[in-house]
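Position one of the sequence shown corresponds to residue 2 (the working numbering), numbered consecutively onward.
Below is one structure, written out as structure tokens, with a few remarks after it.
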Amino acid sequence: MALCAKKRPPEEERRARANDREYNEKFQYASNCIKTSKYNILTFLPVNLFEQFQEVANTYFLFLLILQLIPQISSLSWFTTIVPLVLVLTITAVKDATDDYFRHKSDNQVNNRQSQVLINGILQQEQWMNVCVGDIIKLENNQFVAADLLLLSSSEPHGLCYIETAELDGETNMKVRQAIPVTSELGDISKLAKFDGEVICEPPNNKLDKFSGTLYWKENKFPLSNQNMLLRGCVLRNTEWCFGLVIFAGPDTKLMQNSGRTKFKRTSIDRLMNTLVLWIFGFLVCMGVILAIGNAIWEHEVGTRFQVYLPWDEAVDSAFFSGFLSFWSYIIILNTVVPISLYVSVEVIRLGHSYFINWDKKMFCMKKRTPAEARTTTLNEELGQVEYIFSDKTGTLTQNIMVFNKCSIYGRSYGDVFDVLGHKAELGEKPEPVDFSFNPLADKKFLFWDPSLLEAVKIGDPHTHEFFRLLSLCHTVMSEEKNEGELYYKAQSPDEGALVTAARNFGFVFRSRTPKTITVHEMGTAITYQLLAILDFNNIRKRMSVIVRNPEGKIRLYCKGADTILLDRLHHSTQELLNTTMDHLNEYAGEGLRTLVLAYRDLDEEYYEEWAERRLQASLAQDSREDRLASVYEEVENNMMLLGATAIEDKLQQGVPETIALLTLANIKIWVLTGDKQETAVNIGYSCKMLTDDMTEVFIVTGHTVLEVREELRKAREKMMDSSRSVGNGFTYQETLSSSKLTSVLEAVAGEYALVINGHSLAHALEADMELEFLETACACKAVICCRVTPLQKAQVVELVKKYKKAVTLAIGDGANDVSMIKTAHIGVGISGQEGIQAVLASDYSFSQFKFLQRLLLVHGRWSYLRMCKFLCYFFYKNFAFTMVHFWFGFFCGFSAQTVYDQYFITLYNIVYTSLPVLAMGVFDQDVPEQRSMEYPKLYEPGQLNLLFNKREFFICIAQGIYTSVLMFFIPYGVFAEATRDDGTQLADYQSFAVTVATSLVIVVSVQIGLDTGYWTAINHFFIWGSLAVYFAILFAMHSNGLFDMFPNQFRFVGNAQNTLAQPTVWLTIVLTTVVCIMPVVAFRFLRLNLKPDLSDTVRYTQLVRKKQKAQHRCMRRVGRTGSRRSGYAFSHQEGFGELIMSGKNMRLSSLALSSFTTRSSSSWIESLRRKKSDSASSPSGSADKPLKG
């Protein structure tokens, strides 16, 4: 295993010679052993403890423990700190050890897999860990690839082999790889044993889709690309056997290079908690200083007179030094204001919330058998604070199931259906689909409605034939024929599959391919084309081409790609046809269809030979190979003849419009970032109700220069300001406004606006000198759509909002192009759809349909935020109430650092007596049921405004805790000063006082959590009342004869608890303390509920009213008349809802009714707070939310 972790200098290039281990060993390449585990038996304890003490809290408590071991300053036993600390460290260590055990198990399983390695001319079984760079290994069908291999030969003709790459990129469709021709004949072991070629290639990297290298053999050079490589993690499919040369092994493989850790995300509550803990520590130091000064003064003024009775310790020689020691003593005693159990409890609560998400049956997709999954446990409460959602379109809002819908061929559009009067048939009026029975190889699932296209094919229209010939040749689809005539296409993208299937049904059936040929059945006749070159698609080129030679020897290039790319590369003679086709493209995009342009170019033999030679030289280049190839491709993909365009429909997912409408009502702004063209994206925006006809204006930014973009953004802001002025908001637009003032003014504009911006315009808008103008304009809009954006631009837009807005962002997508956006946002959500699982692997949460997002945010997110806030408020309250009693006691014990409570009570308070009730509240509490959370999306807004736990709420909790501690100490103190027992003796003694205060504390905090709990379960009852029972059981046990007999030095006060709690005076004191502590809280909440209720209070009240009304209706039905059928509709219906329905807005009526019902109380304070938050922003970081509408 030591080899696995060996550090090596970075490589500049990789050299690997076949069948020569001695040569390869001198480079000290990594072995094929992998190690993902972190510890072994010897290193676990020291390394794990070192990691745990990286946490500031753990180090802080270790420091306190060391202080407690110093007898001069410690008035508490060491176990009061070490028990909680060891408990926390042990729980964490057990979790880490369990995780690492499974990593070890997985590593061993992988490293001990068997592989056939060619050694000294003989195939030998070797474990994967023993495979070395330069070895030749044999793979058989359905075996995993052991390392990154150069494919040498296979059982298939032309050195082809088929692989599945699900473990690499999540795609389950088969891909083809091919050996270079010079090695494809090396199928015999004797030939392979003599093979001594040397590969020089790029160093190890994490780029899955790229490989650049050269094979040197027999004094010749052969270029190598990704098409010649088999990567570790792939599975060999439909191929009997193949041989490969190991290029990268173990940690150098692309699979392992991609297994790096993602950036750790922290929530805003985490960051606030860290700040508050520092403040509490400062407060702790201040209390220590006050008490230390008090100790020094007391010792100087009073203590010196009692040296005979209370001598100083040997080391103490002055009152000042006594005060110094007292400071550290009080730091130990008062440290429970920040107990270590806080951090453990937070993690337990988050884990519980994550399981609720995983177990939610309403987020389970039956069709795909896919549950929702919380892939991280640290971000749950931030789901309740989201203000901006950045969404991909294809596969996220849409299904990513492509259907060939329309096409334009040589200036004529096909796909529309007309009635007898020549009018377009509307949806639902379509006649029978086109009959493809003439074609025995047609796909029966394919439907097309325009018969004129099939007629054009049947009469032999040359342009139509060439159109479908291009679709059947220009692709990378793999064909599989299980039974005669049953074709199955394996496409790398749904678009390609839809286009090839369309060509298949119209008589141009792609049948099979080899590395050098493509066989197509054209109208029943098998024709084999010689495949000369594939110019593959990538995100920069946005097009793909093939060069083929037909049976007559004619060479032709076929190309398909995005209109923005291809239209600039057409021959000037096609201008008239181009204008017609552009009209069709705009029409298709306006209907929300995805478009591609098709073109071709004839090449003469001489030109092709020259070009092929330049392509070969570029492919052999060691540096800038991709740039050189792109330049060569650019040269041949020019002066093409336009053939037509395709239009593919990608339907909206179920529930998308309703989800967007509901999230919009929750004051969440949705931005769509898509690679589609502007018209398509805008149409989808209208379909999913992001854009509506009722909007004041939709701004479209399409400028090509910095000045044009700036001017368009300025005009958009001016129009918004003019609109606000016209409705009397009193704003006047001034260019000289500061950015913060402008932002707050813009965000308060009247009307609803949307912004649509193109990729080239966005590139200018994201420049440093214009990004603020873009952000100000975009944030004033209700919806933003960015079209033609690259994956990098998606991440830049998210980063821009994160940088300047004090708002939580969420990014959601389904493809590899969304990964950077998902990782950049505060919360990343992956859709497990048609494009593999790259997005899911990079995400924090995943599910299969966009509509589940509303439940994730409005139910799980809101509840998680509510529960965490209530947990933290109560936790800080109970610990201040517990700890501050020591502070007040200090003034009555000569500042001697004597504790009020028994040391066992101090140890058990946070880990036994009060831990489970607050955990139950933090895990199970609800303010309103899940149905009401979805029905009233305005309930989500307190999380966005961070109302439930902030610095103000923290100080209120602290004040309540201090108030409770004052009463907890002084009421028993005052009573005990004069009280007597039943027998007339003095009641006051230290232990009786301690028992009374401790009992009062446990009862008060238990009653308080009962008041705080909004949703009672059997678990809450059991934990609260069970904790009280456990307290009394332990209390009586510690003062029993049994423990005294076993440990006389530790449990000296036999019978004290029984004697104290037998006194009526003590119980009256406890009751009085409880009432005085709790009654102000009850009174305050009662007044707030009546005078200024929260939205959730109003919802609960509405529920109660509804229940009462239902009960009354049931009574009335039993006693009322039954003969009348007159409706009460006209008398109870409110005006305005009919117009709302006709307007097309998808809004929940109950939400509207509720918002009008609560305008007087709830909306006013949220609105004023939002306005205040916006006005007080010092930069464009204020909230981007509009005022809440009544």
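From the three backbone atoms N, C-alpha and C, an ideal C-beta is built for every residue, glycine too.
Can you tell me which of the three DSSP states residue i falls into?
i, result
"Phe538", "coil"
"Tyr530", "strand"
"Thr647", "strand"
"Asp603", "strand"
"Glu23", "helix"
"Val418", "coil"
"Gln40", "Going by the sequence as given, residue 40 is Tyr instead of Gln. Tyr40: coil per DSSP, three-state reduction."
"Tyr61", "helix"
"Glu220", "coil"
"Arg238", "strand"
"Arg789", "coil"
"Trp450", "coil"
"His887", "helix"
"His522", "strand"
"Phe1085", "helix"
"Glu388", "strand"
Quick one: residues in its chain with C-beta nearer than 8 angstroms to the C-beta of residue i, no 5 flanking neighbours on either side, listed in chain order?
i, result
"Phe365", "Thr371, Pro372 and Ala373"
"Met969", "Ala882, Val886, Val998, Ser1001, Leu1002, Val1005, Thr1074 and Cys1078"
"Ala1038", "Leu1044"
"Ala613", "Leu533 and Ala534"
"Thr60", "Phe54"
What residues in its chain sit with their C-beta under 6 angstroms from that of residue i, if we drop five residues either side in the sequence?
i, result
"Leu1155", "Only weak support exists for where Leu1155 lies, its pLDDT of 40 falling under 50; the coordinates are left without a value."
"Ala619", "Arg629, Leu630 and Val633"
"Ile332", "Gly289"
"Phe141", "Sequence inspection shows Glu at residue 141; the Phe mentioned does not correspond to that position. Within the same chain, Glu141 has close Cβ partners Trp242."
"Lys795", "Leu674 and Met822"
Take residue i and list the residues in its own chain whose beta-carbon comes closer than 7 angstroms to its own, dropping the five residues that flank it on each side.
i, result
"Ala457", "Thr465"
"Glu383", "Thr268, Ser269, Val809, His827 and Ile828"
"Gly752", "Thr697 and Ser724"
"Pro943", "Leu949"
"Asn406", "Gly416, Leu594, Ala648, Ile649 and Glu650"
"Pro495", "Asn401, Ile402, Met403 and Gln835"
For residue i, which beta-bridge partners are listed by DSSP?
i, result
"Arg1193", "Since the displayed the chain opens at 2 and closes at 1191, residue 1193 lies outside it and no answer follows."
"Lys176", "Ile164"
"Arg595", "Ile649"
"Arg370", "According to DSSP, which records beta bridges pairwise, Arg370 is partnered with nothing at all."
"Leu246", "Ile137 and Leu151"
"Met545", "Lys561"
"Gln850", "BP columns for Gln850 are empty, so no partner."
"Ala17", "Val200"
"Arg514", "Ile519"
"Gln117", "Gln126 and Lys139"
"Ile907", "Bridge partners of Ile907: none, in fact."
"Glu698", "Tyr754"
"Cys408", "Tyr415 and Thr647"
"Arg550", "Gln531 and Ile556"
"Gln987", "Thr981"
Handout entry: Cβ pair count under 8 angstroms reaching 3, the segment 312-326 against the segment 910-930
Key = no
Practice task
May I ask you to verify whether the segment 653-670 touches the segment 847-856, counting CB pairs closer than 8 angstroms and requiring at least 3?
Solution key: A contact exists between the segment 653-670 and the segment 847-856.
Practice task
May I have a chain-ordered list of the alpha helix (DSSP H) segments no shorter than 4 residues that lie completely inside the segment 290-357?
Solution key: 320-334
Problem - Complete alpha helix (DSSP H) runs within the segment 613-646 (minimum length 4 residues, chain order) - result: List check, alpha helix (DSSP H) in window: 626-637.
Practice task
Examine the Cβ distances between the segment 112-119 and the segment 85-103 and report whether three or more of them are shorter than 8 angstroms.
Solution key: In short, these stretches do not touch, since the Cβ pair count stays below three.
Practice task
May I ask you to verify whether the segment 292-300 touches the segment 324-342, counting CB pairs closer than 8 angstroms and requiring at least 3?
Solution key: Judged by Cβ distances under 8 angstroms, the segment 292-300 makes contact with the segment 324-342, as three or more pairs qualify.
Practice task
Tell me, please, whether the segment 513-533 touches the segment 756-764 by the rule of three or more beta-carbon pairs shorter than 8 angstroms.
Solution key: Touching, no.
Practice task
With a floor of 4 residues, list each alpha helix (DSSP H) that falls wholly inside the segment 1016-1064, ordered by position along the chain.
Solution key: 1019-1039, 1042-1047 and 1057-1062
Exercise for the section: Taking only runs that begin and end inside the segment 443-510, name each unbroken alpha helix (DSSP H) of 4 or more residues, in chain order. Expected result: 452-459, 463-474 and 495-506
Exercise for the section: Count the CB pairs spanning the segment 378-392 and the segment 890-903 that are closer than 8 angstroms, and state whether there are at least three. Expected result: no
Handout entry: the segment 921-932 in contact with the segment 1008-1026 per 3-pair CB rule at 8 angstroms
Key = yes
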